[in-house]
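Student:
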Amino acid sequence: MIRVQTEDFDPGSELEQLRDRCAGRAGAVVSFVGLVRDLNAGEVIREMMLEHYPGMTEQALADIEQEARQRWELADAIIIHRVGPLTPNDRIVFVAAASPHREAAFRACEYLIDTLKTRAPFWKKETTPGGVRWVEGD
Amino acid sequence: MIRVQTEDFDPGSELEQLRDRCAGRAGAVVSFVGLVRDLNAGEVIREMMLEHYPGMTEQALADIEQEARQRWELADAIIIHRVGPLTPNDRIVFVAAASPHREAAFRACEYLIDTLKTRAPFWKKETTPGGVRWVEGD
Amino acid sequence: MIQLRYFASLRETLGVGDEQLELPEGVSDVASLVRWLQSRGEVWDTALSDRRLHVAINQSVVKPDTPVNDGDEVAWFPPVTGG
Amino acid sequence: MIQLRYFASLRETLGVGDEQLELPEGVSDVASLVRWLQSRGEVWDTALSDRRLHVAINQSVVKPDTPVNDGDEVAWFPPVTGG
Numbered sequence: 150m151i152r153v154q155t156e157d158f159d160p161g162s163e164l165e166q167l168r169d170r171c172a173g174r175a176g177a178v179v180s181f182v183g184l185v186r187d188l189n190a191g192e193v194i195r196e197m198m199l200e201h202y203p204g205m206t207e208q209a210l211a212d213i214e215q216e217a218r219q220r221w222e223l224a225d226a227i228i229i230h231r232v233g234p235l236t237p238n239d240r241i242v243f244v245a246a247a248s249p250h251r252e253a254a255f256r257a258c259e260y261l262i263d264t265l266k267t268r269a270p271f272w273k274k275e276t277t278p279g280g281v282r283w284v285e286g287d
Numbered sequence: 150m151i152r153v154q155t156e157d158f159d160p161g162s163e164l165e166q167l168r169d170r171c172a173g174r175a176g177a178v179v180s181f182v183g184l185v186r187d188l189n190a191g192e193v194i195r196e197m198m199l200e201h202y203p204g205m206t207e208q209a210l211a212d213i214e215q216e217a218r219q220r221w222e223l224a225d226a227i228i229i230h231r232v233g234p235l236t237p238n239d240r241i242v243f244v245a246a247a248s249p250h251r252e253a254a255f256r257a258c259e260y261l262i263d264t265l266k267t268r269a270p271f272w273k274k275e276t277t278p279g280g281v282r283w284v285e286g287d
Numbered sequence: 007m008i009q010l011r012y013f014a015s016l017r018e019t020l021g022v023g024d025e026q027l028e029l030p031e032g033v034s035d036v037a038s039l040v041r042w043l044q045s046r047g048e049v050w051d052t053a054l055s056d057r058r059l060h061v062a063i064n065q066s067v068v069k070p071d072t073p074v075n076d077g078d079e080v081a082w083f084p085p086v087t088g089g
Numbered sequence: 007m008i009q010l011r012y013f014a015s016l017r018e019t020l021g022v023g024d025e026q027l028e029l030p031e032g033v034s035d036v037a038s039l040v041r042w043l044q045s046r047g048e049v050w051d052t053a054l055s056d057r058r059l060h061v062a063i064n065q066s067v068v069k070p071d072t073p074v075n076d077g078d079e080v081a082w083f084p085p086v087t088g089g
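Chains as they are written, first to last, in the working numbering: chain V, 150 to 287; chain Z, 150 to 287; chain Y, 7 to 89; chain A, 7 to 89.
1. Does any residue of chain A bring its CB to less than 8 Å from the CB of Z:Pro270?
2. Output yes or no for whether 8 Å exceeds the beta carbon distance between Y:Leu20 and Y:Trp50.
3. Using the C-alpha atoms, what's the distance from Z:Glu165 back to Z:Cys171?
4. Give the C-beta separation of A:Val61 and A:Val86 to the nearest angstrom, bearing in mind that I take them to be a contact with Cβ-Cβ under 8 Å.
5. DSSP beta-bridge partners for Z:Gly280?
6. With a threshold of 8 Å, are at least 3 pairs of Cβ atoms found where one atom belongs to the region 234-245 of chain V and the other to the region 236-247 of chain Z?
7. According to DSSP, Z:Leu199 sits in a beta bridge with which residue or residues?
8. Assign V:Gly183 to one of three DSSP states: helix, strand, or coil.
9. My assumption, with CB atoms under 8 Å, is that Y:Gly89 sits in contact with V:Ile194. Please give the rounded CB distance.
10. Would you call the region 249-257 of chain Z and the region 171-189 of chain Z in contact, with 3 or more CB pairs under 8 Å?
11. At 3 residues or longer, what runs of the beta strand (DSSP E) sit wholly inside the region 46-88 of chain Y?
12. Using a cut-off of 7 Å between C-beta atoms, extract the partners of Z:Pro160 located in chain C.
13. Under the assumption that V:Leu265 contacts V:Ile228 (Cβ atoms under 8 Å), give the Cβ distance between them as a whole number of angstroms.
14. What is the rounded straight-line gap between the Cα of Z:Glu259 and the Cα of Z:Trp221?
15. Going by C-alpha to C-alpha distance, which of V:Val232, V:Gln215 and V:Gln219 sits closest to V:Gly183?
16. May I ask you to list, following chain order, the residues of the region 59-73 of chain A that have a beta carbon less than 7 Å from some beta carbon of chain Z?
17. Closest to Z:Gly204 by C-alpha separation, out of Z:Ala269, Z:Glu285, Z:Glu275 and Z:Pro278, would be which residue?
18. Leaving out the 5 sequence neighbours to the left and right, which residues in its chain are closer than 8 Å to Y:Thr52 when beta-carbon positions are compared?
19. So Z:Ile262 contacts chain V; which residues on that side make the cut at Cβ distance below 8 Å?
20. Along chain V, in chain order, which residues have C-beta atoms closer than 9 Å to that of Y:Ala81?
21. Quick check on DSSP: helix, strand or coil for V:Ile262?
22. Considering Cα atoms alone, identify which of Z:Glu163, Z:Asp187, Z:Gln154 and Z:Thr155 is closest to V:Pro249.
23. Tell me whether Y:Leu10 sits in a helix, a strand or coil according to DSSP, three-state version.
24. With a threshold of 8 Å between beta-carbons, can A:Ala14 be considered close to chain Z, or not?
25. Pull up the distance between the alpha-carbon of V:Ile241 and that of Z:Phe181, whole angstroms please.
26. Using a Cβ-Cβ cutoff of less than 7 Å, which residues in the same chain neighbour Z:His201 once the five nearest sequence positions on both sides are dropped?
27. List, in chain order, every chain V residue whose beta-carbon is nearer than 7 Å to that of Z:Glu259.
28. List, in order along the chain, the chain A residues whose C-beta lies closer than 9 Å to that of Z:Gln208?
29. Below 8 Å CB to CB, which residues in the same chain sit around Y:Asp78 once its five sequence neighbours on both sides are set aside?
30. Identify which residue in Z:Glu207, Z:Asp212, Z:Ile213 and Z:Met198 has its Cα closest to the Cα of Z:Val281.
31. Step through the CB atoms of chain Y and report whether any lies within less than 8 Å of the CB of V:Leu265.
32. Take Z:Thr276 as the anchor and find which of Z:Arg218, Z:Glu214, Z:Glu196 and Z:Val244 has the nearest alpha-carbon.
33. Going along chain Z in order, which residues have a C-beta closer than 7 Å to the C-beta of V:Val190?
34. For a contact defined as C-beta to C-beta under 8 Å, what are the partners of A:Gly89 on chain Z?
35. Which of the three DSSP states, helix, strand or coil, is assigned to Z:Leu174?
36. Contact defined as beta carbons within less than 8 Å: I believe A:Val36 pairs with A:Pro70. What is the distance between those atoms, to the nearest angstrom?
Here is the structure:
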């Protein structure tokens with residue numbers, strides 16, 4: 150399940166719905182929540198703007214979820230990413246992987262977030278006391 | 150923060166309190182939820198009883214948390230483990246690690262649950278259609 | 007017609023987010039389209055010379071020798087920084 | 007007095023969870039305490055011969071040559087299966 154949205158999400162509610170969908174088939178659920186930090190590269194962050202490429206984003210996230218399901222035995226997988234304006238401590242991203250096996254859940258969760266960070270078309274622009282800057286990718 | 154309890158816990162509430170405690174210092178929160186599966190070693194699980202060694206359990210969990218905090222830069226860490234009777238799809242254990250860095254949060258969360266499974270004095274007894282059996286450890 | 011899109015810092019540098027144009031004479035692939043756009047002036051020349059830029063056609067990342075056809079959506083963007 | 011504790015399948019096999027006893031004559035460490043308990047009979051002998059058992063003194067895991075002193079809490083248990 151993938152979603153791109155401006156509004157906040159509720160990790161507890163997502164985990165509870167995932168548990169309902171799995172109903173005894175998943176022994177292990179690993180999740181990752183990304184939060185806006187109040188410091189980045191030594192500068193205070195006042196706010197952040199997340200831009201994306203509508204259409205391509207959803208396709209990229211769906212592909213990443215599909216790859217994870219092919220590589221590991223998963224009972225469920227979730228990717229939720231916010232776009233638009235955010236402030237420190239706001240949630241940015243939620244990914245989760247449920248599996249009968251702990252090792253698979255960890256590896257799949259890490260794959261989802263690592264791959265998202267290198268392939269999904271999101272860009273962060275930070276507002277600091279010194280002005281506005283785009284976060285540099287690799 | 151460690152807890153051993155018979156009552157259920159709420160992962161969403163725990164993650165929200167963790168976020169409040171971190172307040173901008175944590176960019177990455179990785180958590181693990183262990184659930185009772187409806188099958189184990191090919192047999193249907195009707196219910197499970199979790200026994201522990203009161204006192205030693207709390208000490209073991211506190212030591213494991215402390216070790217994780219020494220090995221990785223953590224803004225917060227949580228271990229919650231239930232004891233007593235459980236049924237399939239019930240939550241058994243919750244561990245979480247918050248860090249400025251994603252890699253540290255993943256490694257610490259995995260360390261918490263892996264070490265708990267080899268060192269904390271909990272024992273599972275399963276009720277299957279064939280009778281009652283203790284889960285065999287390594 | 008082809009649809010061109012520019013994202014994030016590249017969009018700001020060029021001052022353009024979206025444009026539509028007739029497939030220019032002599033443009034057959036990404037590399038020749040880039041050369042054509044660079045001929046617009048120094049800002050375009052410099053910005054599109056950045057080797058870290060990604061190019062996507064119809065929302066899939068492609069390489070310089072990928073053909074560009076009438077009706078395509080071609081997008082340029084800097085390395086991604088989500089998550 | 008020493009406090010002895012047995013957990014999980016071991017507790018069920020022995021039929022005892024907790025007991026208190028005077029430190030027996032000749033018992034100075036875990037190994038000699040185990041031998042003393044094994045002399046209680048076949049069930050004890052067999053159960054405590056299981057090499058996978060863990061022993062804790064005052065809630066820390068120890069080895070066979072760890073000394074046992076008056077006032078100690080000594081616990082035996084099978085490999086753990088939590089999480």
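For each residue, glycine too, the CB sits at the ideal point set by N, CA and C. If you're wondering where the values come from, they're calculated on a predicted model, not measured in any experiment.
Tutor: According to the structure shown:
1. Interface residue (Cβ-Cβ distance to chain A less than 8 Å): Z:Pro270 is classified as such.
2. Contact flag set, yes.
3. Those two C-alpha atoms are separated by around 10 Å.
4. Not really, about 13 Å apart at Cβ, beyond 8 Å.
5. Paired residue(s): Z:Thr277.
6. Taking one beta carbon from each stretch, the region 234-245 of chain V and the region 236-247 of chain Z have fewer than 3 pairs nearer than 8 Å; the two do not touch.
7. DSSP, once it has assigned bridges, lists Z:Gly233 and Z:Lys273 as partnering Z:Leu199.
8. Strand at V:Gly183.
9. About 16 Å separates the beta carbons of Y:Gly89 and V:Ile194, which is beyond the 8 Å limit, so they are not a contact pair.
10. As far as the Cβ criterion goes, the region 249-257 of chain Z touches the region 171-189 of chain Z, which means the pair count is three or higher.
11. If we require 3 residues or more, the beta strand (DSSP E) runs fully inside the region 46-88 of chain Y come out as 60-63, 66-68 and 79-83.
12. Among the chains of the structure shown, chain C does not appear; the protein chains present are V, Z, Y and A.
13. 7 Å between Cβ atoms; contact.
14. In a straight line, the C-alpha of Z:Glu259 is about 12 Å away from that of Z:Trp221.
15. Looking at the Cα atoms, V:Val232 is the closest of the given residues.
16. If the cut-off is 7 Å between Cβ atoms, the region 59-73 of chain A has Ala62 and Gln65 near chain Z.
17. Of the residues Z:Ala269, Z:Glu285, Z:Glu275 and Z:Pro278, the one whose Cα lies closest to the Cα of Z:Gly204 is Z:Ala269.
18. There are no such residues.
19. By Cβ distance, chain V contributes Arg251.
20. Within chain V, the residues near Y:Ala81 are Tyr202, Met205 and Pro270.
21. In this structure, V:Ile262 counts as helix in the three-state DSSP scheme.
22. Each of Z:Glu163, Z:Asp187, Z:Gln154 and Z:Thr155 was checked against the Cα of V:Pro249, and the nearest Cα belongs to Z:Asp187.
23. Reduced to three states, the DSSP call for Y:Leu10 is strand.
24. For A:Ala14, at least one C-beta of chain Z is nearer than 8 Å to its own C-beta.
25. As the crow flies, the alpha-carbon of V:Ile241 is around 19 Å from that of Z:Phe181.
26. So the list reads Val153, Val232, Pro270 and Phe271, once near-sequence residues are dropped.
27. Correct list: Phe255.
28. One finds Gln65 and Ser66 in chain A with Cβ atoms closer than 9 Å to the Cβ of Z:Gln208, taken in chain order.
29. Listed in chain order, the non-local C-beta contacts of Y:Asp78 below 8 Å within the same chain comprise Ile8, Gln9, Ile63 and Asn64, local neighbours out to five positions each way being set aside.
30. Answer by Cα proximity: Z:Met198.
31. Interface residue, yes.
32. For the residues Z:Arg218, Z:Glu214, Z:Glu196 and Z:Val244, the minimum Cα distance to Z:Thr276 belongs to Z:Glu196.
33. The question names Val, yet the displayed sequence has Ala at residue 190 of chain V. Under a criterion of Cβ atoms nearer than 7 Å, no residue of chain Z is adjacent to V:Ala190; the nearest Cβ is some 12 Å distant.
34. Correct list: Gly183, His230, Ile241, Val242, Ile262, Leu265, Lys266, Ala269 and Phe271.
35. As written in the sequence, residue 174 of chain Z is Arg, which differs from the Leu given in the question. The DSSP-derived three-state label of Z:Arg174 is coil.
36. A:Val36 to A:Pro70, Cβ: 5 Å. Contact.
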